[in-house]
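Engineer: Protein chains in written order, with UniProt numbering: chain R, 1 to 562; chain A, 1 to 562. Ideal Cβ placement from N, Cα and C applies to all residues, glycine included.
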């Protein structure tokens with residue numbers, strides 16, 4: 001809807017209302033539906049079409065062959081909650097408040113003791129789409145805050161089926177409550193209780209429930225003749241991994257691959273239904289993941305393909321996403337689009353598709369992908385900003401990426417188990433400082449660590465000297481520059497004395513300056529934690545007789561170690 | 001041809017000759033053609049369908065969609081000459097003599113000062129196919145020895161267009177002659193002279209010549225109504241990289257990507273011609289590479305995708321190959337075949353396809369892929385043997401791979417440049433021993449090496465503790481075991497105290513023992529080097545007035561540093 005209409009004199013009000021009513025009616029038959037499928041911790045390299053040797057995704061590969069593959073597409077953040085908030089607001093987490101400034105450059109998210117959530121002042125995608133008559137549903141993981149004021153139905157969604165937080169557990173419902181599963185505004189059970197995830201086998205029916213729920217919603221909206229927005233976001237590829245009985249053991253890479261195969265089958269079923277209902281030509285479907293593969297989960301994590309490091313980092317493995325856009329009859333089949341883009345662009349694109357305008361009173365980071373998708377008009381001025389918490393770590397424009405800051409994870413986390421062992425074996429304990437690491441790293445060559453399961457390593461098996469570091473390194477005076485075309489794995493920094501560095505860097509520095517100049521950080525929402533806000537007594541608990549006593553409130557600063 | 005026929009009594013000779021003549025006639029219309037496309041140093045991860053983000057291979061991706069993709073397929077060796085010799089003989093280099101025992105576990109090949117080549121006693125694929133009336137041509141790089149007795153036409157090929165060795169150069173024709181390009185038995189010019197490769201721009205027309213030559217051969221054989229074997233093996237992705245004018249600058253990863261795009265276009269043109277001539281249903285086409293990506297070439301090398309290390313190593317990056325089989329009407333389109341296989345299987349498969357039998361008087365390592373390709377009957381007992389020179393480094397069966405030996409490259413090569421710098425900056429020179437490396441490695445954390453171009457690193461940016469090493473490590477008593485399904489990147493060795501290790505390792509050890517029991521190493525062909533055998537005066541040089549004086553023979557042991 002053109003916002004200028006509202007500036008028209010009062011006498012035109014009746015006409016405008018009439019036009020609006022017409023617009024809503026017309027959307028019933030013409031306004032395209034939007035489905036955004038956001039996977040959880042799935043990596044760029046996990047799709048067959050993005051090269052995983054296990055080849056578990058025939059339906060996604062077919063979706064790419066029928067639609068457009070976007071190899072240069074990014075999440076809004078290397079971590080889940082901020083990335084999901086960036087999608088639904090079209091804005092970087094630093095603007096919408098989904099970050100913490102408790103410590104410099106730390107990733108924060110929404111565990112169940114988080115006090116904050118999506119601020120009331122943020123305008124979410126379904127709130128806007130409602131103006132064009134869309135009915136919106138989220139199926140799967142919300143993660144934008146779980147206290148009542150933050151729930152999906154308070155922020156534009158008409159329906160919700162899924163969980164508010166990660167399916168961590170099982171808990172004892174005494175020290176910590178299990179995470180609830182919601183239908184709309186009320187909980188209908190808890191993970192590991194009514195919604196079983198078998199810890200030993202990894203068996204769970206959740207993905208099947210999410211698939212069925214998606215199919216049902218599409219059928220209902222089709223029958224009602226209403227345009228819809230479906231945010232389908234199952235979480236089976238996030239640890240603890242799970243798959244249903246029919247999929248367990250089907251892949252060659254264990255539970256992770258089984259989960260991928262089940263999600264892939266779900267994608268296939270959803271696209272097949274759109275074809276059966278003959279609404280495939282009127283439905284734009286995006287497939288993407290919320291952040292890079294959780295490489296620190298080792299064999300239980302996904303693949304970052306050729307990219308460096310994984311989730312939690314601002315190297316490519318942390319934010320480059322497996323992305324497909326599908327719209328039969330509109331998007332040229334088999335298109336490979338090297339349009340730089342981010343999950344925030346799906347916000348703007350969906351709004352444009354509905355014939356509406358994005359909010360004009362704030363900076364929206366998402367840009368409209370329709371020219372690229374429909375006419376292959378590439379926006380070459382598009383930039384990608386890589387944040388870690390409150391710090392702009394890197395920027396990409398074209399094929400060039402400049403790191404202003406680098407950090408993998410802290411030395412304390414990285415050698416946790418090793419330090420434990422050394423302390424036990426040494427007469428003098430070793431204090432984990434960067435200096436002591438040198439000694440430890442040195443010795444590590446000769447000590448075979450058979451079980452380093454307590455160590456945290458966001459870049460297992462990788463070591464790029466001068467690029468990866470266990471200390472936060474400030475490169476702002478002379479950023480580390482990479483050509484991601486020649487060097488997608490960020491292994492070979494371009495010398496800062498080279499001609500190409502001198503020609504490229506001023507442009508990137510200007511992009512950074514412009515960005516910083518216009519930046520008004522939102523109030524950080526992820527600073528405070530409190531046991532009292534955990535899921536003791538979510539809405540609906542009375543009906544199920546599952547309300548638990550709420551402990552006394554004692555807000556503390558959340559600890560974000562990386 | 002069934003070899004038992006030759007044991008029949010003499011009176012049946014006339015009948016046999018008659019049958020043979022019928023067989024040759026019938027092949028003219030029914031015997032399938034075979035095209036094997038072997039790329040040079042192209043990596044598993046370079047194809048679009050195997051995940052490279054640059055997506056430079058639309059024709060190969062289409063070939064895979066129309067045919068079968070084989071993600072678990074291997075070269076015969078992590079280096080070019082031995083791998084190519086293994087293809088054409090169906091036998092491991094340790095058997096056919098394409099190795100050196102000058103030093104333990106060293107990769108050797110056929111530079112122009114090599115004395116040896118393919119032994120006379122080896123039976124090459126075209127020699128066998130000739131029995132079924134095939135005409136055979138090699139286009140591109142031979143690499144099985146360049147002295148007269150080793151040339152393609154002496155070993156069963158009817159035609160040859162290409163070079164005998166790598167296109168290294170330019171040389172001065174005094175200290176070293178430039179490498180010749182041959183047509184059949186005679187040279188028709190030299191690289192950097194009649195066959196230009198522009199050193200500055202990387203422009204060369206060679207790939208176009210190789211494409212045209214391939215198209216012409218196919219058309220000629222089709223007109224003649226004869227079955228053919230085309231070994232199409234251009235070398236543009238081997239350094240020095242090159243591409244023709246129309247392809248220069250087309251990719252987003254520089255000359256390497258441009259070369260890939262040109263080769264991909266060649267594949268497309270060849271497959272299109274087969275369709276135009278309506279012989280696509282009678283032609284089996286394989287696409288593969290000779291070894292892993294040359295990761296030590298940094299931005300000028302290919303991609304190993306998710307696999308560890310590259311060319312020259314027996315980690316997956318050194319030997320896992322981008323492999324496609326294409327045969328419209330016979331191979332189910334879009335098939336993903338997790339059949340373990342190697343380039344040696346193409347030898348056996350081509351022979352079976354021609355209705356012939358492999359030699360019975362020697363061990364043939366190649367196995368017949370037709371049951372897997374045509375009926376999806378997977379041979380689960382297939383093993384892959386990973387050799388480095390004269391040493392069996394690793395073995396794979398099913399998803400499990402055991403390393404008996406590990407080695408990346410020597411510490412001397414790895415820190416060559418660094419040692420040079422240290423020696424210059426130190427009052428006391430540092431002797432490059434494993435012990436001194438500890439010190440250097442230690443300091444390396446703090447010294448940013450801006451130009452380490454003289455260093456050799458087969459695993460840039462990678463560091464898997466206890467798996468990668470700069471010394472040769474003997475694990476035969478307790479092999480390093482990986483599940484390549486769970487862990488394709490060989491990052492997480494399975495503990496040798498685990499139940500899975502204890503259940504899997506005896507089977508793998510039995511495979512190794514059986515292999516070693518039957519092994520009769522061939523006479524090593526790559527031990528001796530001699531300046532006198534260089535391309536001073538190849539056959540045909542007189543006609544071109546390009547014969548150079550031959551220096552006095554002085555054979556020496558070749559030096560193979562890794």
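How big is the Cα-Cα spacing for residue 482 of chain A and residue 496 of chain A?
Structural biologist: In a straight line, the C-alpha of residue 482 of chain A is about 11 Å away from that of residue 496 of chain A.
Engineer: Report all residues from its chain with a CB closer than 6 Å to the CB of residue 556 of chain R; omit the five preceding and five following residues, and keep chain order.
Structural biologist: So the list reads 529, once near-sequence residues are dropped.
Engineer: Pull up the CB-CB distance for residue 307 of chain R and residue 316 of chain R, whole angstroms please, since I reckon it's below 8 Å.
Structural biologist: Sure, about 4 Å apart at Cβ, within 8 Å.
Engineer: Can you confirm whether residue 299 of chain R, when its beta carbon is compared against all beta carbons of chain A, has any partner nearer than 7 Å?
Structural biologist: Taking Cβ atoms only, chain A reaches closer than 7 Å to residue 299 of chain R, which makes this a yes.
Engineer: Does any CB atom of chain R fall closer than 7 Å to the CB of residue 253 of chain A?
Structural biologist: With 7 Å as the cut-off, residue 253 of chain A counts as an interface residue toward chain R.
Engineer: Looking only at DSSP bridge pairs, what is residue 37 of chain R linked to?
Structural biologist: For residue 37 of chain R, which the question treats as bridged, DSSP gives the partners R:232, R:287.
Engineer: Quick one: what's got a C-beta closer than 8 Å to residue 127 of chain R's C-beta in the same chain, skipping five residues either side?
Structural biologist: So the list reads 155, 156, once near-sequence residues are dropped.
Engineer: Classify residue 146 of chain A: buried if its beta carbon has 16 or more other beta carbons within 10 angstroms, exposed otherwise.
Structural biologist: Buried, by the Cβ-count rule.
Engineer: Three-state secondary structure (DSSP) at residue 395 of chain A?
Structural biologist: It is a strand residue.
Engineer: When the Cα atoms are used, what is the spatial distance from residue 475 of chain R to residue 314 of chain R?
Structural biologist: Roughly 14 Å between the two C-alpha positions.
Engineer: Let me know if residue 506 of chain A comes out buried or exposed under the rule of 16 or more other beta-carbons within 10 Å of its beta-carbon.
Structural biologist: Exposed, since its Cβ has fewer than 16 Cβ neighbours within 10 Å.
Engineer: In or out: residue 551 of chain R buried (at least 16 other Cβ within 10 Å) or exposed?
Structural biologist: With fewer than 16 Cβ atoms within 10 Å of its Cβ, residue 551 of chain R is classed as exposed.
Engineer: Helix, strand or coil, according to DSSP, for residue 108 of chain R in the structure here?
Structural biologist: Residue 108 of chain R: coil per DSSP, three-state reduction.
Engineer: Could you name the residues of the stretch 256-269 of chain A whose beta carbon sits closer than 9 Å to any beta carbon of chain R, in the order they occur along the chain?
Structural biologist: Answer set for the stretch 256-269 of chain A: 256, 257.
Engineer: What residues of chain R sit near residue 410 of chain A, judged by a beta carbon separation below 9 Å?
Structural biologist: Those do not exist, as residue 410 of chain A stays about 16 Å from chain R at its closest Cβ, beyond 9 Å.
Engineer: Sort R:353, R:348, R:201 by Cα distance to residue 330 of chain R and report the nearest one.
Structural biologist: It is R:353.
Engineer: Return yes when the Cβ of residue 204 of chain R is within less than 7 Å of the Cβ of residue 242 of chain R, no when it is not.
Structural biologist: In contact: residue 242 of chain R and residue 204 of chain R (Cβ atoms closer than 7 Å).
Engineer: Beta-carbon of residue 302 of chain A versus every beta-carbon of chain R: anything under 7 Å?
Structural biologist: Taking Cβ atoms only, chain R never reaches closer than 7 Å to residue 302 of chain A, which makes this a no.
Engineer: Which one of A:395, A:240, A:59, A:532 has the shortest CA to CA distance from residue 516 of chain A?
Structural biologist: Nearest of A:395, A:240, A:59, A:532 to residue 516 of chain A, Cα basis: A:395.
Engineer: Using a Cβ-Cβ cut-off of 7 Å (strictly less than) and excluding sequence neighbours within five positions of residue 113 of chain A, which residues of its own chain qualify?
Structural biologist: The answer, listed in chain order, is 529, 530, 531, 533, 534.
Engineer: Relative to the C-alpha of residue 80 of chain R, which residue among R:400, R:42, R:356 is closest?
Structural biologist: When each option's Cα is compared against that of residue 80 of chain R, the closest is R:42.
Engineer: How is residue 384 of chain R classed by DSSP in three states: helix, strand or coil?
Structural biologist: In the structure shown, residue 384 of chain R sits in a strand (DSSP, three-state: E or B).
Engineer: Report yes or no: is there a C-beta of chain A within less than 7 Å of the C-beta of residue 55 of chain R?
Structural biologist: Yes, its Cβ sits closer than 7 Å to a Cβ of chain A.
Engineer: With a floor of 4 residues, list each alpha helix (DSSP H) that falls wholly inside the stretch 114-154 of chain A, ordered by position along the chain.
Structural biologist: Runs found: 125-129.
Engineer: DSSP state of residue 189 of chain A, grouped into three classes?
Structural biologist: Three-state result, residue 189 of chain A: strand.
Engineer: How far does the beta strand (DSSP E) with residue 403 of chain R in it extend, from its first residue to its last?
Structural biologist: Run containing residue 403 of chain R: 400-403, per the beta strand (DSSP E) assignment.
Engineer: Could you please give the first and the last residue of the uninterrupted alpha helix (DSSP H) stretch that includes residue 269 of chain A?
Structural biologist: Here the alpha helix (DSSP H) through residue 269 of chain A covers 254-276.
Engineer: In chain R, which residues lie less than 7 Å from residue 464 of chain A when you measure between Cβ atoms?
Structural biologist: What residue 464 of chain A touches in chain R: 461.
Engineer: Look up residue 495 of chain A in the DSSP assignment and say whether it is helix, strand or coil.
Structural biologist: Of the three classes helix, strand and coil, the one that applies to residue 495 of chain A here is coil, per DSSP.
Engineer: So, with DSSP's three-state summary, where would you put residue 95 of chain R?
Structural biologist: If DSSP states are grouped into helix, strand and coil, residue 95 of chain R belongs with the helices.
Engineer: Any C-beta of chain R sitting closer than 7 Å to the C-beta of residue 216 of chain A?
Structural biologist: No, no contact with chain R.
Engineer: Determine which residues of the stretch 466-495 of chain R have a Cβ less than 7 Å from any Cβ of chain A, and write them out in chain order.
Structural biologist: Cβ contacts with chain A come from 466, 485, 486, 487, 488, 489, 491, 492, 495.
Engineer: Is residue 227 of chain A close to chain R, meaning its C-beta is less than 7 Å from at least one C-beta of that chain?
Structural biologist: Closer than 7 Å: no.
Engineer: Examine chain R for any beta-carbon lying closer than 7 Å to the beta-carbon of residue 384 of chain A, and answer yes or no.
Structural biologist: No, residue 384 of chain A does not count as interfacial toward chain R.
Engineer: Excluding the five sequence neighbours on either side, which residues of its own chain have a C-beta within less than 6 Å of the C-beta of residue 460 of chain R, listed in chain order?
Structural biologist: Cβ within range, chain order: 295.
Engineer: Check this for me: beta carbons of residue 492 of chain R and residue 299 of chain A, under 7 Å apart or not?
Structural biologist: Yes, these two residues count as a Cβ contact at 7 Å.
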